[in-house]
Every structure is written in structure tokens, then in C-alpha cells.
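Novice: Got a structure for you, questions after.
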């Protein structure tokens, strides 16, 4: 971590950093994400709770819909997949800033010489990794439980692309508002209130794309393209709004002015 | 002037609205295919336009609030969001009534219906966050409003991008002049009512902010002599 801090500080001060701000932000995001993942690997709290929750949801879906006819399954399986992602995502996002909230380190992170967008990208990446880990349980589970979900196993590349794209938009929008709630000492119940209406468009695109994948329609790539466009929009708006939502722009401007005066 | 204007708008709307109803039900010809139920178009379409306009106003005001920490922009954002809920409810009630008569089903899950429903949900979430959120959640709500405003072009272009049961956006241009003649007064009456309510609600919010500031100032003044006495004693 010491190395990482030194690198981050150096990147901010060096002359190259100003010319290549995008790469610096990405590098900072990568270092922060690796740090978060390393801490997660020590106690596995989030990974284990999210995986267990996914398993429980899968068992409940299996029990509820085991009698479903094969013709109805292609309509039901996409809903099962993306509802479980929505539930697990809400659980993950309510915990993703928990460490910062418990030890009050979000403020420390915000005053560190790191681009704020890097914090956003790092947290979104960690959320994405955990969601994808949970999908590694849900997708094979659904393929085992429901014959209509066999295309998941038959077309693995398309399935991976679909799952990655679907989870990315969810992580992009969710991280912004999870951060906002963590910084405002807000109630976590509001996260679900905000999260579901906002992530519904991307989940709907993912749902329609999954249905076309299961039914073998050629429109799958079109829906995947629309889902990708939603992802880009979610990340651009999320990255743009992260700093104003988290700290407020006037505060940030006055902090910059104060820092210039000190110099 | 600012105090009188909303009531002037309400008065004007109160005069135009009965004329509009008279035009819609007594002077505009009955549509051949849909029959009398088509009359709901004169309320559904203006409400939908006003809802989208208010959502954009709310999103822009929220952006200004985030950028400049403007209390007025925040008040406009709150007022517009609440009116999006009201007009959105109107759209979501009149739409299915019309749909039931035209398509045989009140809700067909088409892209425009879903995106309108989502817009309403986003602004319902905005109002919930504003009411129940802790300190600092006003920035969170502003972010939500910006995402809500992004949904407006999606609603508009939904009929062009996806296959929907809704009529396309070109239909408005092909309406006969008798229908336009009935649509304009309804639109103006509803728009004036919405503007009046927006202005009244903005004033309420600004008064609320002024009261809060006065209360804080009063508490600060009350605490200052005690503090001075305490430091003096020390």
C-alpha cells in the first residue's frame, strides 16, 4: 500500500500526469481496486455473503418454478437471472462502502492525492467483480435447473458478454448512489429506492437480450449493442456526477482555492 | 409581481379550461375509429408534454444546484419533481384508459409506456430521498433528477427506436386543424396551471430555506452571549 501511495502522489505531481490525466486516473483506479480486492481477500466477507445469498435465491427460484413448462421457461429464465443480479447487487452496493463508513476513511480517501473519478472507477470495478462472481453461481445453476437455459452452456462467449454487459451498467449506476449514501450518512434503505428505478433500463435491455439468446434470435447482437450504449451512458454520467454528488462542487472549488493560497 | 403572477396564471387557466372542454366535447368531430374515447387524447398528450418539460426543468435545475450550490435552483428542482409526479400520474391514468379502448389492453409493456413508468419511478425516488434522506442527500437527489431528465429523450424516441403500439411522433404533424384547435387551449390551460403550481411551490421552498436560516441565526445569537460569558468566566 505504501508503494501505491507513493505512486499515487508522484503521479499527481509529475509533469506527465497533467498531460496524461486519463491514464493516471485509470492507474490510480486500478491500484485502489487491487487494494480493495486484497482487503476483501483477507476476510472474504462480501464475497461469501453475496455468494450465499445468490445460492439461496437460486434454490428459491428452483423450488418456485420447477414445475414450469419448457415452452414458458425461455420467458421466465431471463427474469430469474436479472432479478437475482438486482437483489445481489443491492446487497453488494450496500456493503461496498462499508469499510469506509465503519472506519470513517471515506474522508481520508477524498483528501488523498487521488482523482475522485478513480475512486468511482475502483469501487465500480470491485462491485462488478463481485457481481460477476455471483453470476458464476447463478448462470450454471439456471442451466442445470431449467432445460430452456441450456443455451447458456452451448453459447458461452455470448453468455459471458451478456453477463458482463448487464452487470457493468448496474455497477456503474449503483456505485455512484452507494457512494452518495455513504458520504451523507444516509439510510441504506434509500439505496434500493434509488437503485431499482435507475438500473431498470439496463436490466430490461439485459432481459430482452437474454431472451433472444435463449430463443436463438439474430436480434441478440442488436440488444447487446443497446446494452453497451446504456453502459457507456451510465459510466459517463456516473463519472461526471461522482464528485458533485459526493462532495459538492463549491466545496471542492473552495478547497482548491485554499490549497493555491497555501502554495 | 412574483406573488400575483401564479394567481394570474391560475385565473387565466380557470377561464381557458371550460372553453377547452366545450371545444373538445361539443365542437371537435368524433374520431371515426376510436369513437368518443379518443377525447382523452386532449388531456393525455398535453399532460405527457408537460411532464417531460418539467422533468427536463428538474434535471437542469439539479445540475445548476450541483454546480453552483444554488438554493433557488434546488427549490425549482424540488417543485418540478413533485409536479412530474402529479402530471405523470395523470399520464399513467389517462394512457391505460385510452389503451384499453384502442388496443383492448390497458398496458402492453411497450417501450414508451415502460420508459414513462420509469420516469415516474425515478421522480418518486427523488421525492422519497428528499423527504427521508439524511443531511447531504440533496446532492444525491440532484444526481437522481439528472438521470431522470436523461429518460426524457428515451421516451420521445422510444417509438422510433423500438416497435411499439404507441403512435409515432409524426402523428402530431398530421392532425387535422380541428383537432389542433381543441388541443391548444387544453395545453395552454394545463401548462398555465402547472407553471402557477411550480411558482407557488418554489416560493414555499424559498420561504422554508429563509425560515431555516433565520432559525439557525437565532440559535447562533442565543448561543453567542452564553459562549462569551463562558469564555469570560474561564
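Residue numbers (the working numbering), protein chains in the order written: chain C, 1 to 263; chain W, 1001 to 1234. Just so you know, even glycine gets a beta-carbon here, dropped at the ideal spot from N, CA and C.
#1: In or out: residue 130 of chain C buried (at least 16 other Cβ within 10 Å) or exposed?
#2: For the stretch 1100 to 1126 of chain W, list every residue whose C-beta sits within 8 Å of some C-beta in chain C, in sequence order.
#3: Drop a sphere of 10 angstroms on the beta-carbon of residue 1112 of chain W, count the other beta-carbons inside from all chains shown, and report buried for 16 or more, exposed for fewer.
#4: From residue 1210 of chain W to residue 1218 of chain W, what does the alpha carbon distance come to, in whole angstroms?
#5: Does residue 229 of chain C pass the burial test, meaning 16 or more other C-beta atoms within 10 Å, or should it be called exposed?
#6: Given a limit of 9 Å on CB to CB distance, which residues of the stretch 106 to 124 of chain C reach chain W?
#7: Just the C-alpha distance for residue 1011 of chain W and residue 1127 of chain W, rounded to the nearest angstrom, thanks.
#8: Assuming the contact rule is C-beta atoms closer than 8 Å, residue 137 of chain C and residue 51 of chain C should be a hit. Round their C-beta distance to whole Å, please.
#9: Using 8 Å as the limit for Cβ to Cβ distance, is residue 59 of chain C near chain W?
#10: In whole angstroms, give me the CA-to-CA distance for residue 1072 of chain W and residue 1027 of chain W.
#11: Mind checking residue 28 of chain C: buried by the 16 CB within 10 Å criterion, or exposed?
#12: Less than 8 Å between CB atoms is the rule here; does residue 177 of chain C satisfy it with respect to chain W?
#13: Along chain W, which residues have their Cβ under 7 Å away from the Cβ of residue 197 of chain C?
#14: One question on the structure: do residue 1061 of chain W and residue 1196 of chain W come within less than 8 Å of each other, judged by their Cβ atoms?
#15: Where do the ends of the alpha helix (DSSP H) carrying residue 166 of chain C lie?
#16: To the nearest angstrom, how far is the alpha carbon of residue 1174 of chain W from that of residue 1025 of chain W?
#17: Determine the burial state of residue 1216 of chain W: buried for a count of at least 16 other Cβ atoms within 10 Å of its Cβ, exposed for fewer.
#18: Would you kindly report the start and end of the unbroken alpha helix (DSSP H) that includes residue 1103 of chain W?
#19: Give me the Cβ distance between residue 127 of chain C and residue 166 of chain C, rounded to the nearest whole Å; I'm assuming they're in contact under 8 Å.
#20: Can you tell me which residues form a DSSP beta bridge with residue 1031 of chain W?
#21: Can you grab the Cα-Cα spacing for the pair residue 1183 of chain W / residue 1048 of chain W, in whole Å?
Specialist: Taking the coordinates as given:
#1: Residue 130 of chain C is buried by the Cβ-count criterion.
#2: Taking 8 Å as the Cβ-Cβ cut-off, the stretch 1100 to 1126 of chain W approaches chain C at 1114, 1115, 1118, 1121, 1122, 1124, 1125, given in chain order.
#3: buried
#4: 12 Å
#5: exposed
#6: none
#7: 28 Å
#8: 6 Å
#9: no
#10: 43 Å
#11: buried
#12: Closer than 8 Å to some Cβ of chain W, the Cβ of residue 177 of chain C qualifies, so yes.
#13: Those are 1118, 1121, 1122, 1125, listed as they occur along chain W.
#14: no
#15: For residue 166 of chain C, the uninterrupted alpha helix (DSSP H) run begins and ends at 156 to 183, by DSSP.
#16: Spanning the two alpha carbons is a distance of roughly 21 Å.
#17: Burial check for residue 1216 of chain W: the Cβ neighbour count within 10 Å stays below 16, so the residue is exposed.
#18: 1071 to 1103
#19: Incorrect: roughly 13 Å between the Cβ atoms, too far for contact.
#20: W:1035
#21: CA-to-CA, the gap between residue 1183 of chain W and residue 1048 of chain W works out to about 13 Å.
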